[in-house]
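Report on one structure; see the data block that follows.
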Amino acid sequence: GARLADEMRRRAPDRCDVTIVGAEPIPAYNRILLSAVLAGDKSLPEIFLDPRAADAAGTTVIVGETVSRIDRERRQIATASGRAVAYDTLVLATGSHPLVPPLPGTGLPGVVTFRDIHDVTVMIAAAARRGRAVVIGGGLLGLEAAEGLRRRGMTVTVVHLMPSLMERQLDRDAARLLQASLEARGIAFELAAKTTEILGPKRVRGVRLEDGRQLPADLVVLAIGIVPNVDLARAAGLACGRGVIVDDGMCTSDPAVHAVGECAEHRGRSYGLVAPLWEQVEVCAARLAGDAEARYAGSTLATSLKVAGIDVYSAGDPSAGGGEEIVFRDPGRGVYRKLVLRDGRLTCAVLYGDAADGAWYAEAMRAERPVGDIRTSLIFGKAFADSAAAA
Amino acid sequence: MTATEPVAAVRTACPYCGVGCGVLASADGKGGAAVAGDPEHPANRGRLCSKGAALGETLALDGRLLHPEIGGAAVSWDTALTAVADGFARTIAAHGPDSVAFYVSGQLLTEDYYVANKLIKGFLGTANIDTNSRLCMASSVAGHKRAFGTDTVPGNYDDIDAADLVVLVGSNLAWCHPVLFQRLVAARRQRAGLKIVVIDPRRTATAEEADLHLALRPGTDVALFNGLLAHLARAGCRDKGFVEQHTVGEDAALAASGASSNAAATAALCGLDELSVHRFFDWVRRTERTLTVYSQGVNQSSAGTDKVNAIINCHLFTGRIGRPGMGPFSVTGQPNAMGGREVGALANQLAAHMDFGPDDIDRVRRFWQAPAIATRPGLKAVDLFRAVEDGRIKAVWIMATNPAVSLPDADQVRRALAACPLVVVSDCVRDTDTAALAHIRLPALGWGEKDGTVTNSERCISRQRAFLPPPGEARADWWIVGAVARRFGFAHAFSYRSPADIFREHASLSAFENDGRRDFDVGALAGLSDDAYDTLAPTQWPLPAGATEPKRRFFADGRFYTSDGRAKFMAVAPRPPLHAVDAGYPLAFNTGRVRDQWHTMTRTGKVPRLMLHAGEPVIDMHPADAATSGLRHNDLARMDSRWGSAVARVRIVAGQRQGEVFAPMHWSDQFARDARVNAVVNPAVDPVSGQPELKHTPVRVGPAGTAWYAFALTRHRMAAGNDCYWSVAPGTGHWRYEIAGTSTLSVGDVIERFRPPDGAGDRIEFQDAAAGVYRTAWLVQGRIEACVFAAATPDLPSQHWLAGLFTADAVTADERAALLAGRAPSVPLESGPIVCVCFGVSRNAILEAARAGTHTCEKIGATLKAGTNCGSCLPEIRALLPA
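Just so you know, the sequences run in chain order H and A. Take my numbering: the final residue in the first sequence is number 420, and no numbers are missing along the way. Take my numbering: the final residue in the second sequence is number 886, and no numbers are missing along the way.
Shown next as structure tokens:
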């Protein structure tokens with residue numbers, strides 16, 4: 030939301046008034062940096078967006094108020110505290126809810142998700158007492174949580190349903206390297222492990238796995254995924270699937286309502302990563318600024334994970350079969366790369382240890398650029414491929 | 004003397020080709036030496052070729068045979084020598100003198116040669132001694148003897164400077180005798196009128212420099228020179244006085260040339276265009292100072308002797324012989340082929356330019372006091388090894404040569420040696436394909452350690468002098484042979500204390516009852532003191548007793564060494580190669596040399612920079628033949644004949660005649676798995692000279708069945724395996740392997756063979772299985788140990804940048820990231836193959852300079868230095884520049 034406002038100011042400083050309404054009782058902040066806060070690399074104030082900039086630009090920011098209803102006919106929204114804000118155009122950037130598994134004990138004290146500043150505050154407080162943490166979920170967020178807690182002194186075990194970490198972004202080899210590297214730092218893993226219960230009774234004291242084992246825990250972090258937050262949209266009668274359905278102009282079924290980010294569903298896909306979000310915001314801002322041609326065509330799924338010095342990058346779906354794999358390994362330098370080609374075009378890139386060329390691969394994938402001519406140089410990155418093409 | 008004192012350079016002679024260049028060598032005290040051309044030597048006046056200039060890099064003792072061995076185990080000299088003497092004595096006692104043989108070498112010094120020849124012919128009583136010179140110039144010897152009555156080279160190198168027309172026949176002088184070639188090119192620069200004609204089926208580097216190149220059909224030299232003779236007759240070029248007073252046989256020779264009656268008929272016979280033939284004839288017609296220089300392309304033929312005589316006929320007819328700038332001129336391949344001829348160490352010679360006539364036998368018997376002297380010729384090389392295989396010869400002693408690689412039908416030689424009850428090898432190198440089959444190995448001195456004389460192609464005797472101490476227990480060949488002779492009980496005839504002793508005896512024999520009847524007479528040197536021998540300056544023969552100045556040329560006076568004193572025209576008719584191509588074996592296979600290698604590479608193969616120009620066995624093919632054979636440039640091909648097969652890399656060469664393929668003869672099992680091309684070569688020989696037809700074998704060539712190609716660079720020599728193709732060459736700090744395999748052999752398995760021995764360290768891998776690309780490197784403590792690059796096609800990255808990593812103690816982080824890309828990211832253009840070995844200048848550097856406007860060899864030399872040392876790359880540089 031904040032980013033969209035920035036974009037609007039940049040594109041059309043005088044054309045509109047922008048009001049941002051947020052439920053959290055604090056100014057807008059950069060959610061992506063929560064991991065850095067947890068890891069202790071950044072403090073909370075550092076991740077707040079500068080409200081003065083918004084003020085200076087004439088943006089109205091309302092914090093701590095939950096929007097309770099959209100009145101599409103009258104083009105206004107109502108907040109829980111009774112405030113009504115009129116709009117010409119409404120942009121939904123309601124994000125997502127953390128997915129909470131249907132397990133006994135998820136409501137116990139000491140069980141948190143990893144979504145907002147409140148969650149991070151709870152985790153930091155728990156970590157201050159050292160002790161044990163179980164992170165349920167071996168995806169991007171779960172691992173960032175696990176590493177953050179480890180660095181704050183907790184003994185951390187990651188429980189993951191799948192046999193391999195970050196299976197949507199990484200192939201087995203990269204996942205093993207990542208796991209080995211995190212194990213070397215002291216994080217334990219239970220893979221292909223299903224949690225059946227979070228143990229209480231008063232506050233959390235552990236989790237039980239399907240095989241009957243119990244893992245003691247003073248803190249349990251649920252990081253198994255997200256669901257788009259469509260409550261408002263659905264209540265307002267907007268077309269929704271898993272998320273709020275938008276067209277290539279980021280417009281919902283109501284021309285006066287747009288949606289961006291994790292809450293939106295575009296061409297059947299919702300995105301939980303930051304890069305697609307920025308792309309959507311750009312298109313949406315352009316539309317609102319009057320550019321009827323701006324289109325969002327979907328994003329290549331690209332993930333950049335940085336866990337205390339480990340560079341991991343993934344673009345495309347490594348689990349999709351059928352392509353031709355190109356693999357590079359330099360374990361001594363901690364580097365692994367895998368590219369997948371289909372019909373002479375790059376469809377997947379997994380980079381571990383040196384992700385410098387990630388954006389370049391993602392761009393080649395987005396542009397569907399033929400890479401057959403530079404095939405043997407491709408895995409060595411842009412500099413080699415460029416000089417190979419020049420030769 | 005301490006190691007820090009400057010060491011005076013020793014004047015010696017180069018051990019490679021027959022040019023016989025003088026070399027100044029200064030031992031560096033660490034086993035190597037600094038080497039420079041000797042400015043005072045008449046053969047080279049300070050110049051050296053790429054091979055000679057790298058002599059200092061061949062001296063390391065790795066690979067040397069340093070102790071006598073029996074059955075692979077080190078033994079004392081006494082044990083080894085006694086075993087040799089006993090073995091030969093037992094064999095002779097049981098089977099007679101002709102059951103033993105020596106096979107010796109143009110690498111031997113004259114003194115070594117003399118002692119070996121004296122022992123076997125004079126005292127063991129058999130003439131079964133032949134030399135690898137049989138492969139080199141036996142046809143020239145035979146042609147000389149038929150025409151002149153003796154084996155006489157009439158002219159000298161000054162004739163190159165004095166000639167107005169130089170006809171190079173079957174000679175890639177630019178690569179095989181580079182210093183002579185540079186002298187020729189320099190002479191042409193000074194005199195615009197000097198023309199060079201090259202007669203060679205291949206467009207060689209020499210042909211590139213020619214004013215006229217006649218790419219004749221192989222084996223048609225006789226037709227061409229018969230045509231020339233007929234033309235000279237028609238054109239009135241007959242030297243009436245010379246022909247009538249000093250020759251016989253003119254009419255028969257002219258009659259025999261009938262088939263080549265004019266340029267058109269000659270052109271048709273030779274597969275040439277009439278205009279070129281006519282131009283050649285016309286140039287010879289009007290050029291008094293015509294010099295015909297010829298080499299292996301003439302000699303290595305089943306009609307080699309006839310070719311020599313066809314050439315000589317033209318010179319006799321015009322009287323163009325024995326005067327400055329003219330004459331037939333055989334240039335020899337080996338440093339001491341001429342010395343071997345002088346001592347007579349060929350099966351059909353006795354000694355000192357004497358044969359097996361009763362007078363000669365009697366004279367030599369008396370001189371040597373050798374009652375058991377052989378009285379008839381022995382077996383020539385090819386026949387000799389046939390006799391070994393069929394059991395007529397049961398003990399053979401091979402000195403300083405590698406017949407399992409160099410003889411035609413080389414697999415036959417292997418079979419023969421494997422079956423022979425006693426094989427003795429004297430060599431300075433331990434592991435040769437021949438030594439592998441020896442029962443007894445005797446360590447000989449190498450170049451820089453041995454001491455004696457050699458004779459070059461212009462009859463110039465030069466001293467080879469020692470400047471290094473004998474390594475291990477190695478001894479001079481003359482000492483080894485003499486020690487065996489003494490164990491036979493011939494101490495009275497073999498009590499030499501030094502090479503000087505032997506040389507004096509050799510010189511005395513040349514003068515013994517000579518009285519001008521034999522061309523070879525160095526009687527004036529028979530009384531040299533030890534000191535005078537040590538300081539002997541390059542000396543041309545003949546130099547009879549009392550003479551102070553050598554005779555510079557023979558035959559201007561019309562006096563020949565035949566019984567009637569007249570030269571003999573030989574009536575020679577064209578005869579095609581013995582084995583013709585046919586539907587089964589449709590291509591004619593020709594062998595030869597590459598610029599920077601010598602023979603079977605036991606020395607030049609140790610020098611990284613000599614392996615840059617051509618580091619792998621290759622087969623040159625015409626584009627159309629390659630297409631017909633289903634081969635592309637850089638594919639691996641198998642070449643088969645009825646005698647054997649070999650595998651090598653295809654090079655598509657526009658200068659190759661259609662229907663003919665060419666491969667260099669150097670590679671042995673030490674440097675490649677399956678590239679001994681002489682195994683393919685037919686054993687046909689010239690009926691007169693016994694010289695093998697190494698230049699023409701019917702073959703078929705096809706894909707080697709290769710499914711993948713690879714190269715490996717590794718700090719250590721590794722066992723690449725006997726189930727794949729490989730060749731190996733040294734680089735600086737590494738060895739490089741070219742490898743290829745069939746689909747039944749896993750690339751991964753072969754890559755594993757290059758894992759460093761200790762197994763420690765980091766491994767880096769790159770795989771693109773769908774494209775068949777596999778690359779692996781191993782590093783130990785940051786230093787590259789080995790890397791292997793494999794692909795489904797032969798198009799692998801250049802090795803240039805990778806090879807450079809082996810000279811460093813550690814690779815940088817950037818280099819490591821780039822390692823399996825095979826190049827630095829900022830360098831798109833590979834530097835390409837090295838053209839100038841002396842200064843390491845690559846093809847691409849020259850092309851780059853040419854693009855920038857540097858359009859002459861002189862300017863390239865000024866900017867890049869390329870071609871300014873030995874000059875042997877100048878033809879290649881010129882070919883890269885815009886015309």
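Just so you know, even glycine gets a beta-carbon here, dropped at the ideal spot from N, CA and C.
Quiz item: Does the Cβ of Ile-202(A) lie closer than 8 Å to at least one heavy atom of the ligand GTP?
Solution: Annotation note on the ligand GTP: not contained in the displayed structure, which lists no ligands.
Self-check item: Top-ranked residue by Cα proximity to Leu-353(A), from Ala-208(A), Leu-122(A), Pro-338(A) and Val-575(A)
Solution: Leu-122(A)
Quiz item: Between the region 389-399 of chain A and the region 419-434 of chain A, are three or more C-beta pairs nearer than 8 Å?
Solution: yes
Quiz item: What are the partner residues of Thr-89(H), as DSSP defines its beta bridges?
Solution: Thr-48(H)
Quiz item: Beta carbon of Ala-331(H), beta carbon of Ala-246(H): below 9 Å?
Solution: no
Quiz prompt | Contacts of Asp-765(A) in chain H (Cβ-Cβ under 9 Å) | solution = Asp-359, Pro-360, Gly-361 and Arg-362
Exercise. May I ask you to report which of helix, strand or coil DSSP gives Met-573(A)?
Key: Looking at Met-573(A) - three-state DSSP - the assignment turns out to be coil, as it is neither helix nor strand.
Quiz item: Counting along the chain, where does the alpha helix (DSSP H) carrying Glu-768(A) start and finish?
Solution: Careful: Glu-768(A) lies outside any alpha helix (DSSP H), inside the beta strand (DSSP E) at 765-771.
Self-check item: Chain-ordered chain A contacts of Ser-406(H) [CB-CB under 8 Å]
Solution: Ala-824
Practice problem: Rank Gln-198(H), His-189(H), Gln-208(H) and Asp-372(H) by C-alpha distance to the C-alpha of Arg-237(H) and give the top, closest one. | Solution: His-189(H)
Quiz prompt | Option in Arg-237(A), Met-604(A), Arg-344(A) and Val-201(A) with minimal Cα separation from Leu-294(A) | solution = The option with the nearest alpha carbon to Leu-294(A) is Val-201(A).
Self-check item: Secondary structure of Asp-359(H), DSSP reduced to three states
Solution: strand
Quiz item: Can you list, in chain order, the residues of the region 334-368 of chain A whose Cβ is nearer than 7 Å to any Cβ on chain H?
Solution: none
Exercise. Measuring only between beta-carbons, confirm whether Ala-772(A) sits less than 9 Å from chain H.
Key: yes
Self-check item: Contacts of Ile-355(H) in chain A (Cβ-Cβ under 9 Å)
Solution: Around Ile-355(H), the beta-carbon contacts reaching into chain A at under 9 Å are Phe-769, Gln-770, Asp-771, Ala-772, Ala-773, Ala-774 and Val-776.
Quiz item: Do Ala-540(A) and Ala-529(A) come within 9 Å of each other at the CB atom, strictly closer than that value?
Solution: no
Quiz prompt | Contact with chain A by Asp-46(H), beta-carbon distance below 9 Å | solution = no
Practice problem: Identify the continuous beta strand (DSSP E) that holds Pro-733(A) and give its terminal residues. | Solution: 728-734 is the extent of the beta strand (DSSP E) around Pro-733(A).
Exercise. Answer yes or no: does any C-beta atom of chain H fall closer than 9 Å to that of Ala-262(A)?
Key: Cβ-Cβ to chain H under 9 Å: no for Ala-262(A).
Practice problem: Answer with yes or no whether the minimum CB distance from Pro-800(A) to chain H is below 9 Å. | Solution: At least one beta carbon of chain H lies nearer than 9 Å to the beta carbon of Pro-800(A).
Quiz item: Three-state secondary structure (DSSP) at Thr-82(A)?
Solution: Helix at Thr-82(A).
Self-check item: Chain-order list of residues whose beta-carbon lies under 8 Å from that of Asp-167(A) (same chain, five-residue window excluded)
Solution: Arg-194, Gly-196, Leu-197, Lys-198, Thr-290, Glu-291, Arg-292, Thr-293 and Gly-328
Quiz item: Roughly how many angstroms separate the alpha carbons of Ala-477(A) and Arg-578(A), rounded to a whole number?
Solution: 47 Å
Quiz item: Which stretch, first to last residue, makes up the beta strand (DSSP E) that contains Val-38(A)?
Solution: 36-40
Exercise. Spell out the partners DSSP gives Glu-353(H) in its beta bridges.
Key: Leu-370(H)
Quiz item: For chain H, is any of its Cβ atoms less than 9 Å away from the one on Pro-9(A)?
Solution: Caution applies to Pro-9(A), whose pLDDT of 49 falls short of 50 and renders its modelled position unreliable; the value that the coordinates give is listed next. Chain H, which has no Cβ nearer than 9 Å to the Cβ of Pro-9(A), makes this no.
Quiz item: For Tyr-499(A), does the three-state DSSP call read helix, strand or coil?
Solution: coil
Quiz item: Along the region 384-412 of chain A, what residues have a CB closer than 9 Å to any CB found in chain H?
Solution: So nothing in the stretch comes that close.
Exercise. For the beta strand (DSSP E) holding Asn-593(A), just list the boundary residues, first then last.
Key: Following the DSSP letters along the chain, one finds Asn-593(A) inside the beta strand (DSSP E) bounded by residues 590-595.
Quiz item: Closer than 7 Å, Cβ to any Cβ of chain A: which residues of the region 50-77 of chain H, in chain order?
Solution: none
Exercise. With 9 Å as the threshold, decide whether the Cβ of Arg-819(A) is near any Cβ in chain H.
Key: Chain H contact via Cβ: present.
Exercise. Please compile the residues from chain H whose C-beta is within a distance smaller than 8 Å of the C-beta of Leu-782(A).
Key: In chain order: Gly-361.
Practice problem: Would you mind reading off the limits of the beta strand (DSSP E) that contains Leu-2(A)? | Solution: Residue numbering for chain A in the displayed model covers 4 to 886; residue 2(A) lies beyond these limits and cannot be assessed.
Exercise. Look up Arg-379(A) in the DSSP assignment and say whether it is helix, strand or coil.
Key: Three-state result, Arg-379(A): coil.
Quiz item: What is the DSSP secondary structure of Glu-663(A), reduced to helix, strand or coil?
Solution: strand
Self-check item: Contact under 9 Å by Cβ, His-625(A) with Gly-662(A)
Solution: yes
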